[in-house]
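Below is one structure; the comments refer to it alone.
Numbering (our numbering), first residue to last: 68 to 227.
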(Lines of atoms letter the chains of each structure in order from A and count residues from 1; the text may use other names and numbers.)
(Lines give C-alpha, C1' and ligand atoms only; values in the text may rest on other atoms or scores of the structure.)
Protein backbone atom coordinates (compact mmCIF):
# COMPACT_ATOMS: atom_id res chain seq x y z
CA UNK A 1 0.00 0.00 0.00
CA UNK A 2 2.78 2.46 0.91
CA UNK A 3 4.72 1.81 -2.28
CA UNK A 4 1.52 2.31 -4.27
CA UNK A 5 0.93 5.68 -2.60
CA UNK A 6 4.52 6.76 -3.25
CA UNK A 7 4.28 5.73 -6.90
CA UNK A 8 0.93 7.45 -7.41
CA UNK A 9 2.28 10.57 -5.71
CA UNK A 10 5.42 10.62 -7.87
CA UNK A 11 3.61 10.09 -11.16
CA UNK A 12 0.89 12.56 -10.16
CA UNK A 13 3.60 15.14 -9.54
CA UNK A 14 5.02 14.46 -12.99
CA UNK A 15 1.56 14.78 -14.58
CA UNK A 16 0.79 17.92 -12.62
CA UNK A 17 4.01 19.60 -13.74
CA UNK A 18 3.38 18.48 -17.30
CA UNK A 19 -0.18 19.79 -17.47
CA UNK A 20 0.64 23.11 -15.81
CA UNK A 21 3.47 23.65 -18.31
CA UNK A 22 1.01 23.61 -21.16
CA UNK A 23 -0.29 27.04 -20.14
CA UNK A 24 2.02 29.45 -22.03
CA UNK A 25 0.48 31.18 -25.04
CA UNK A 26 3.47 30.31 -27.26
CA UNK A 27 2.78 26.60 -26.78
CA UNK A 28 -0.91 27.04 -27.53
CA UNK A 29 -0.17 29.06 -30.68
CA UNK A 30 2.17 26.33 -31.88
CA UNK A 31 -0.46 23.69 -31.18
CA UNK A 32 -3.07 25.55 -33.24
CA UNK A 33 -0.62 26.04 -36.12
CA UNK A 34 0.27 22.32 -36.12
CA UNK A 35 -3.31 21.08 -35.97
CA UNK A 36 -5.48 22.82 -38.49
CA UNK A 37 -3.47 25.76 -39.83
CA UNK A 38 -6.28 28.01 -38.63
CA UNK A 39 -5.88 31.70 -37.92
CA UNK A 40 -5.19 32.31 -34.26
CA UNK A 41 -7.73 34.61 -32.66
CA UNK A 42 -7.87 36.10 -29.19
CA UNK A 43 -11.02 34.10 -28.46
CA UNK A 44 -9.31 30.79 -29.22
CA UNK A 45 -6.27 31.68 -27.12
CA UNK A 46 -8.31 32.87 -24.16
CA UNK A 47 -10.58 29.82 -24.31
CA UNK A 48 -7.58 27.52 -24.25
CA UNK A 49 -5.98 29.46 -21.41
CA UNK A 50 -9.12 29.53 -19.30
CA UNK A 51 -10.13 25.88 -19.83
CA UNK A 52 -7.62 24.47 -17.34
CA UNK A 53 -8.52 27.10 -14.72
CA UNK A 54 -12.26 26.46 -15.03
CA UNK A 55 -11.59 22.72 -14.84
CA UNK A 56 -9.61 23.28 -11.64
CA UNK A 57 -12.49 25.23 -10.10
CA UNK A 58 -14.94 22.45 -10.92
CA UNK A 59 -12.47 19.89 -9.59
CA UNK A 60 -12.27 21.68 -6.24
CA UNK A 61 -16.05 21.75 -5.93
CA UNK A 62 -16.64 18.15 -7.06
CA UNK A 63 -13.87 16.40 -5.11
CA UNK A 64 -15.92 15.80 -1.92
CA UNK A 65 -18.76 14.25 -3.94
CA UNK A 66 -16.81 11.30 -5.31
CA UNK A 67 -14.47 10.92 -2.31
CA UNK A 68 -17.52 10.21 -0.14
CA UNK A 69 -18.60 7.43 -2.53
CA UNK A 70 -15.26 5.89 -3.54
CA UNK A 71 -13.09 6.59 -0.52
CA UNK A 72 -9.81 8.46 -0.42
CA UNK A 73 -7.49 5.74 -1.76
CA UNK A 74 -9.76 4.59 -4.60
CA UNK A 75 -10.51 8.18 -5.60
CA UNK A 76 -6.82 8.97 -5.87
CA UNK A 77 -6.16 5.84 -7.94
CA UNK A 78 -9.00 6.62 -10.37
CA UNK A 79 -7.89 10.25 -10.69
CA UNK A 80 -4.31 9.10 -11.25
CA UNK A 81 -5.29 6.80 -14.12
CA UNK A 82 -7.55 9.37 -15.79
CA UNK A 83 -4.96 12.12 -15.34
CA UNK A 84 -2.20 10.01 -16.89
CA UNK A 85 -4.43 9.18 -19.86
CA UNK A 86 -5.47 12.83 -20.33
CA UNK A 87 -1.86 14.03 -20.37
CA UNK A 88 -0.98 11.45 -23.02
CA UNK A 89 -4.02 12.50 -25.08
CA UNK A 90 -2.94 16.16 -24.86
CA UNK A 91 -0.14 15.48 -27.34
CA UNK A 92 -2.50 14.34 -30.11
CA UNK A 93 -3.01 17.33 -32.43
CA UNK A 94 -6.62 17.18 -33.59
CA UNK A 95 -8.37 20.53 -33.24
CA UNK A 96 -8.28 23.38 -30.77
CA UNK A 97 -11.78 22.55 -29.45
CA UNK A 98 -10.54 19.07 -28.60
CA UNK A 99 -7.70 20.64 -26.63
CA UNK A 100 -10.15 22.86 -24.71
CA UNK A 101 -12.02 19.79 -23.48
CA UNK A 102 -8.81 17.92 -22.63
CA UNK A 103 -7.42 20.93 -20.76
CA UNK A 104 -10.67 21.28 -18.79
CA UNK A 105 -10.42 17.63 -17.69
CA UNK A 106 -6.71 18.04 -16.89
CA UNK A 107 -7.52 21.05 -14.71
CA UNK A 108 -10.20 19.02 -12.94
CA UNK A 109 -7.72 16.22 -12.25
CA UNK A 110 -4.95 18.61 -11.18
CA UNK A 111 -6.98 20.30 -8.47
CA UNK A 112 -8.49 17.04 -7.25
CA UNK A 113 -5.16 15.24 -6.99
CA UNK A 114 -3.44 18.20 -5.38
CA UNK A 115 -6.10 18.30 -2.67
CA UNK A 116 -6.32 14.52 -2.09
CA UNK A 117 -2.63 13.53 -2.19
CA UNK A 118 -1.60 15.38 0.99
CA UNK A 119 -4.58 13.93 2.86
CA UNK A 120 -3.72 10.39 1.89
CA UNK A 121 -0.01 10.85 2.57
CA UNK A 122 -0.69 12.33 6.00
CA UNK A 123 -3.25 9.66 6.82
CA UNK A 124 -1.30 6.53 5.90
CA UNK A 125 2.46 7.11 5.82
CA UNK A 126 4.90 7.39 8.70
CA UNK A 127 6.68 10.76 9.16
CA UNK A 128 9.94 9.76 7.43
CA UNK A 129 7.99 8.25 4.52
CA UNK A 130 5.94 11.44 4.20
CA UNK A 131 9.13 13.42 3.69
CA UNK A 132 10.33 11.03 0.99
CA UNK A 133 6.95 11.04 -0.75
CA UNK A 134 6.62 14.82 -0.77
CA UNK A 135 10.22 15.19 -1.99
CA UNK A 136 9.57 12.67 -4.79
CA UNK A 137 6.35 14.53 -5.71
CA UNK A 138 8.27 17.81 -5.96
CA UNK A 139 11.10 16.29 -8.00
CA UNK A 140 8.66 14.61 -10.37
CA UNK A 141 6.67 17.83 -10.71
CA UNK A 142 9.81 19.61 -11.92
CA UNK A 143 10.69 16.72 -14.24
CA UNK A 144 7.14 16.96 -15.65
CA UNK A 145 7.65 20.65 -16.36
CA UNK A 146 10.95 19.89 -18.10
CA UNK A 147 9.48 17.08 -20.21
CA UNK A 148 6.53 19.28 -21.22
CA UNK A 149 8.81 22.02 -22.48
CA UNK A 150 11.13 19.58 -24.24
CA UNK A 151 8.20 17.89 -25.98
CA UNK A 152 6.74 21.23 -27.00
CA UNK A 153 10.13 22.29 -28.39
CA UNK A 154 10.02 19.11 -30.45
CA UNK A 155 6.49 19.96 -31.65
CA UNK A 156 7.63 23.48 -32.55
CA UNK A 157 10.57 22.10 -34.53
CA UNK A 158 8.26 19.97 -36.67
CA UNK A 159 8.55 21.04 -40.33
CA UNK A 160 5.40 22.54 -41.80
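Even for Gly, the Cβ is constructed at its ideal location relative to N, Cα and C.
Predicted, not measured: the structure shown is a model, and the values here were computed from it.
Going by the CB atoms, is the gap between residue j and residue i shorter than 8 Å?
i           : j           : result
residue 134 : residue 166 : no
residue 73  : residue 205 : no
residue 122 : residue 170 : yes
residue 141 : residue 82  : no
residue 147 : residue 210 : no
residue 186 : residue 139 : yes
residue 80  : residue 208 : yes
Between which two residues does the alpha helix (DSSP H) containing residue i stretch?
i           : result
residue 109 : 109-137
Let me know the secondary structure DSSP gives residue i once reduced to three states.
i           : result
residue 77  : helix
residue 189 : helix
residue 157 : coil
residue 162 : coil
Could you give the distance in angstroms between the alpha-carbon of residue i and the alpha-carbon of residue j?
i           : j           : result
residue 212 : residue 137 : 30 Å
residue 152 : residue 189 : 26 Å
residue 172 : residue 191 : 28 Å
residue 159 : residue 120 : 21 Å
residue 181 : residue 71  : 17 Å
residue 75  : residue 175 : 17 Å
residue 145 : residue 111 : 31 Å
residue 130 : residue 164 : 25 Å
residue 117 : residue 109 : 12 Å
residue 85  : residue 115 : 16 Å
residue 193 : residue 149 : 28 Å
residue 113 : residue 143 : 30 Å
Just to confirm, does residue i get its C-beta within under 7 Å of one of the non-hydrogen atoms of the ligand HEM?
i           : result
residue 199 : With respect to the ligand HEM, the structure offers nothing, as it holds no ligand at all.
Closer than 6 Å by C-beta to residue i: which residues in its own chain qualify, once you throw out the five before and the five after it? Chain order, please.
i           : result
residue 157 : 169
residue 178 : 123, 126, 127
Residues in the same chain with beta-carbon distance under 8 Å from residue i, minus the five sequence neighbours each way, listed in chain order, please.
i           : result
residue 197 : 188, 189
residue 203 : 73, 76, 77, 80
In its own chain, which residues sit with a C-beta less than 7 Å from the C-beta of residue i, not counting the 5 before and 5 after it?
i           : result
residue 214 : 85
residue 195 : none
So with Cβ pairs under 8 Å, would you call residue i a contact of chain B?
i           : result
residue 176 : In the structure shown, chain B does not exist; there is a single protein chain.
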